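Asker: Here you go, one structure.
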Amino acid sequence: MIKELHHVQITIPKGTEAEGRSFYCDLLGLKEIEKPDILKGRGGFWVQVGDVDLHIGTEDGIDRLSTKSHVAYQVSEISYWRNRLQEHGIEVIESIPLPNYDRFEFRDPFGNRVEMIQAL
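Residue 83 in full-length UniProt numbering sits at position 83 of the sequence shown, and the numbers go up by one each step.
Shown next, in the form of structure tokens:
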């Protein structure tokens, strides 16, 4: 029986951890958590999103702009996030409407697709 989601992993290009921390920790406000010592040499970093960890690994040779794969963050005050991202030069892409939700998408600085979603 699957009980819950433990973590999600996305990747950014090797050597871009500083830019990744700037985006995920500073702009989005996610809290960085300590990686186990045995994994630190692999690059990347981990952040916490509620009760779930987001592992931001490093990987080259990936076309992140061509995939539908994404992480969706459930938020309150979705207009705050839309404005905050646009103020930082992030292009907001309106999503196909879903009943009972307001949502939009964007790409992180590395091309990963991201969704912000709020229940109405």
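By construction, the Cβ of each residue, glycine as well, lies at the ideal position given by its N, Cα and C atoms.
Since the structure is predicted, the reported quantities are computational estimates derived from the model, not experimental observations.
#1: Taking only runs that begin and end inside the UniProt domain "VOC" (4–119), name each unbroken alpha helix (DSSP H) of 4 or more residues, in chain order.
#2: Taking the beta carbon of N112 as the centre, do at least 16 other beta carbons fall within 10 Å, making it buried, or is it exposed?
#3: Around the C-beta of Y101, are 16 or more other C-beta atoms found within 10 angstroms, so that it is buried, or is it exposed?
#4: Give every residue of the same chain whose Cβ lies closer than 7 Å to the Cβ of V92, excluding the five residues on either side of it in the sequence, and list them in chain order.
#5: Do E32 and C25 count as a contact pair if the criterion is CB distance below 7 Å?
#6: Taking L120 as the reference, which of L5, E19 and P99 has the closest Cα?
#7: I'd like the list of long-range same chain contacts for V75, defined as Cβ closer than 6 Å, with 5 residues on each side in sequence excluded.
#8: Please determine, among L65, G20, S95 and L30, the residue with the shortest C-alpha to C-alpha distance to G44.
#9: Flag K14 as yes if its beta-carbon sits less than 7 Å from any beta-carbon of chain B, otherwise no.
#10: Within its chain, find whatever has a CB closer than 6 Å to the CB of I90; leave out the 5 residues flanking it on each side and keep chain order.
Answerer: The answer reads as follows:
#1: Segments of the alpha helix (DSSP H) lying fully in the UniProt domain "VOC" (4–119): 17–21 and 78–87.
#2: Burial call: buried.
#3: Result: exposed.
#4: The answer, listed in chain order, is R82, L85, Q86, F104 and F106.
#5: Yes, these two residues count as a Cβ contact at 7 Å.
#6: Cα-wise, what sits closest to L120 is P99.
#7: Cβ neighbours of V75 beyond the five flanking positions: W81, M116 and Q118.
#8: With distances taken between Cα atoms, G44 lies closest to G20.
#9: Of the chains in the structure shown, none is chain B; there is only one protein chain.
#10: These residues qualify, in order along the chain: F106.
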